[in-house]
Every structure is written in structure tokens, then in C-alpha cells.
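Following: one structure in C-alpha cells, then a few remarks.
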Amino acid sequence: MKKYEIVGIENALIDILVKSSDEEIEKLGLKKGVMQLVESDEQKKLLASLENSNAEYELGGSTANALRGAAVLGAKTLYSSALGNDKWKDIFRKRLAELNIADRTVIKEGQTGSCAVLVTPDAERTMNTYLGACRLYSREDLPVSDIESCSIFFSTGYVWDMPNQIDAIEEAVRLAKASGALFALDIADPFVVSRNGERFKEMAVSGLIDILFANADEAKMLTGKEGDQAAAELHKNIPLVAVKVGSKGSFVAYKGKIEQVGIFPTEPVDSTGAGDMYAGGFLFGLAKGCDPETCAKIGSFLAADNISRIGVRLSSDIRDKIVKAIPEIKGIIV
149 MKKYEIVGIE NALIDILVKS SDEEIEKLGL KKGVMQLVES DEQKKLLASL
199 ENSNAEYELG GSTANALRGA AVLGAKTLYS SALGNDKWKD IFRKRLAELN
249 IADRTVIKEG QTGSCAVLVT PDAERTMNTY LGACRLYSRE DLPVSDIESC
299 SIFFSTGYVW DMPNQIDAIE EAVRLAKASG ALFALDIADP FVVSRNGERF
349 KEMAVSGLID ILFANADEAK MLTGKEGDQA AAELHKNIPL VAVKVGSKGS
399 FVAYKGKIEQ VGIFPTEPVD STGAGDMYAG GFLFGLAKGC DPETCAKIGS
449 FLAADNISRI GVRLSSDIRD KIVKAIPEIK GIIV
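For the sequence shown, the numbering used here begins at 149 and goes up steadily by one.
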């Protein structure tokens, strides 16, 4: 029995959530619907302009979002990243504690990473991200014994960034695999493929990746194919693959077969974190022994619940709701 079901390492960010309009997006000089990386001064200027916008603050970063979904359902999770020595670190750590996610964050000089998320009435999100202190994470910061005591090690393509981060995350993967853990990777963004696609292909061919999450665009960039064909191509080297295809649900490839799992209809308010919640729900199911199709259903339900409100959040009664929607998982929701 492993101490943790899921251990995750990635870029720790504070999400600053603001309801906005097309006019405000244009006035701020931002490109609607796009996530762009910015430097410290640019982010400070944007945040200053949003001070009177009734902003909400939340735990952020793709891996933290995914772990939140898994933890809310009852998985034993742990998170590690680097935070700055500022007020944001206290908010981040407080939320980890509230969510019952074991905290192995480290403190570095500088600012905690932040993501300003401007959401327009059409549920589109425009994001300015300043990575900050998380880029200083190094091999020396790894919670080695925790990594060696997990069933699933999870991260996303975002952390393949600075040389020190790459060194740390690839050592973490090595430690996890050596201890018998599965390695789950979420590609996370098409630009990640353009920067690191060849490295991920090498990892897949070498057998390092056990579980892969990709959206339709990412899967096409990696394989040149679409939908179920992309899933099948990725499955040649990866035991379990989930390709998310928006309103058509996801294609799950495992044991030589491909299954399409549909979505749970909802009224979208904010699409932020939908893919993260899908991964979190999927990994929760996997950690509890569910078959891949059921895992995909759990992920799809969390994603649907999440996009029905602003920010990366789930209903307070999410456990009751998901058991009603997916009765077969009643025995694992405690």
C-alpha cells in the first residue's frame, strides 16, 4: 500500500479571476481567448488595473487543479512546487490545507507565479501568466521519499521549461518509475508540443509514459491524425491514452481498443481548468481501481461541473452529484 495515491509537481500559480467584457479586453490590449506569458512588470501593471474589479483568488496551475479534483473526491494527494516569499504563498498553502492536499512546496526569493484570468460573458477566458518563483524549482527541492511512496506520479508539459525544472521533473519521473509508480502526463497546451514534442515522443517510445492526456489539437500535432486515429497512434507506445475532443467527449485507448466516452451536458460559464479537472477525475478513478471508461466518465463529470461556474471550482455537493450521475462508483466515494 503506497502512502499517496497521486503525487504531482508543476508550476504553482495564484489564479486571479475577474469577470470582464470584450471592450475591457480590447482596452487592456489583450488578445481575447489566448494565454500569454508575461514578465513581472507587465503582470504588476495588469493586476493594478484590476484592483477594483472584485477579483477572486484561487489555487492555480494545471497540476494543482487536477489534484484538487482528485482530492475533493477523496484521493490521497501531495503537491510540490516553488512559491515566492510574498503574501501569495500564504494563500496558496492555506488552500492546499483546506483541500487536504499534502504540502511539499518550497519558498524561493521573488514573486509567486500568478495567472490573471479575464472571463467574458461567452465563457471565453483570456489569461496573462507570470510564472515567477516556480521556475526556480530544482532537483534539490524534490520530495524524494514521497515520490517513491505514490501509486501515480503526475505532471504536465508546462514544467518542461527551465533547465533546472527539466532536470528536476525528469529525475522525479525516474524515481517514480523505479519505485513502481505509474507516470501520467498531461500535454496541457499546443505550444508545449511545439517546444517539447520530440522529447515527449522519445519518452513514450522508451516506455516512461504510462498515461497520456491530450486535447484534439495536441494529439494532432503529435501524430498528424485526429480523434480516435490519434488516440490509436499514441497508444502504440503508451498503455493508456485519453484524447479530449470537446463536445464529442474523449477517446480512450487501452489494451488495444478505443472507446468513445461522451460528455455530461451543462451550461458553460468559464472553460478554465476543464482539462485539468478531467485529468484529476480520471486519475482518481484509476487510483481507486476503475476501468478506463469509468475513469473518463468521472473526468468528464468533473469537467462539466467545473465549467458551469467562474474559476476552477467544483460544487460543494460534488460527491453526491457524481454518484447520482455515475452510480457504479458509489463504493469508492467515501
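For each residue, glycine too, the CB sits at the ideal point set by N, CA and C. For clarity, every value in this text was computed on a predicted model and none was experimentally measured.
Looking at residue i: is its Cβ nearer than 8 Å to the Cβ of residue j?
| i | j | result |
| --- | --- | --- |
| methionine 369 | glycine 345 | yes |
| leucine 431 | alanine 401 | no |
| serine 303 | threonine 211 | yes |
| isoleucine 386 | isoleucine 406 | no |
| alanine 316 | arginine 343 | no |
| glycine 209 | asparagine 159 | yes |
| glutamate 374 | alanine 364 | yes |
| aspartate 270 | alanine 230 | no |
| isoleucine 249 | leucine 221 | no |
| leucine 330 | serine 299 | yes |
| glutamate 199 | aspartate 163 | no |
| valine 186 | aspartate 294 | no |
| valine 292 | leucine 247 | no |
| alanine 435 | alanine 223 | yes |
| serine 448 | glycine 404 | no |
Hey, could you find the ends of the alpha helix (DSSP H) residue i is sitting in?
| i | result |
| --- | --- |
| alanine 223 | Element bounds for alanine 223: n/a, residue is neither H nor E. |
| valine 460 | Taken as a continuous stretch (DSSP letters only), valine 460 belongs to no alpha helix (DSSP H), as it is neither H nor E. |
| isoleucine 446 | 440-454 |
| isoleucine 239 | 235-246 |
| isoleucine 411 | It is not in any alpha helix (DSSP H) - isoleucine 411 carries neither H nor E in the DSSP assignment. |
| isoleucine 474 | Counting along the chain, isoleucine 474 falls outside any alpha helix (DSSP H), and DSSP gives it neither H nor E. |
| alanine 189 | Per the sequence shown, the amino acid found at residue 189 is aspartate instead of alanine. Aspartate 189 -> alpha helix (DSSP H) spans 188-197. |
| glutamate 172 | 170-175 |
From residue i to residue j, what does the alpha carbon distance come to, in whole angstroms?
| i | j | result |
| --- | --- | --- |
| glutamine 408 | valine 166 | 35 Å |
| leucine 176 | serine 464 | 34 Å |
| serine 456 | leucine 450 | 10 Å |
| glutamine 509 | tyrosine 306 | Any answer about residue 509 is impossible in this case: the structure gives the chain only from 149 up to 482. |
| alanine 444 | alanine 427 | 9 Å |
| serine 152 | cysteine 282 | Sequence check: residue 152 is tyrosine here, not serine. Each residue's alpha carbon lies about 23 Å from the other. |
| cysteine 263 | lysine 242 | 18 Å |
| lysine 472 | proline 413 | 15 Å |
| cysteine 438 | aspartate 189 | 46 Å |
| lysine 192 | methionine 275 | 14 Å |
| isoleucine 474 | alanine 380 | 26 Å |
| serine 169 | valine 267 | 7 Å |
| glycine 280 | isoleucine 466 | 33 Å |
| threonine 371 | phenylalanine 348 | 12 Å |
| valine 482 | glutamate 174 | 47 Å |
| aspartate 251 | alanine 367 | 32 Å |
| phenylalanine 399 | alanine 245 | 34 Å |
| alanine 218 | leucine 388 | 18 Å |
| asparagine 202 | glutamate 172 | 15 Å |
| glutamine 313 | lysine 469 | 38 Å |
In the DSSP assignment, what residue or residues form a beta bridge with residue i?
| i | result |
| --- | --- |
| isoleucine 162 | Leu207, Ser262 |
| methionine 275 | Met183, Val265 |
| aspartate 424 | None, per the DSSP bridge assignment. |
| glycine 119 | Residue 119 lies beyond the residue range present for the chain, which begins at 149 and ends at 482; the question has no answer from this structure. |
| aspartate 251 | Tyr227 |
| tyrosine 152 | Cys298 |
| isoleucine 157 | Ser228 |
| tyrosine 402 | Leu388, Lys405 |
Check for me: the beta strand (DSSP E) holding residue i runs from which residue to which?
| i | result |
| --- | --- |
| valine 417 | First-last for valine 417: undefined, no H or E at that position. |
| lysine 256 | 254-256 |
*Where are the alpha helix (DSSP H) runs, 4 residues long or more, that stay fully inside the region 301-341, in chain order?*
Fully enclosed alpha helix (DSSP H) runs of no fewer than 4 residues occupy 311-326 of the region 301-341, in order along the chain.
*Those runs of the alpha helix (DSSP H) which lie wholly inside the region 345-399 and span at least 4 residues*: As summarised for the region 345-399, the continuous alpha helix (DSSP H) elements at least 4 residues long and confined to that stretch are 364-371, 375-383, given in chain order.
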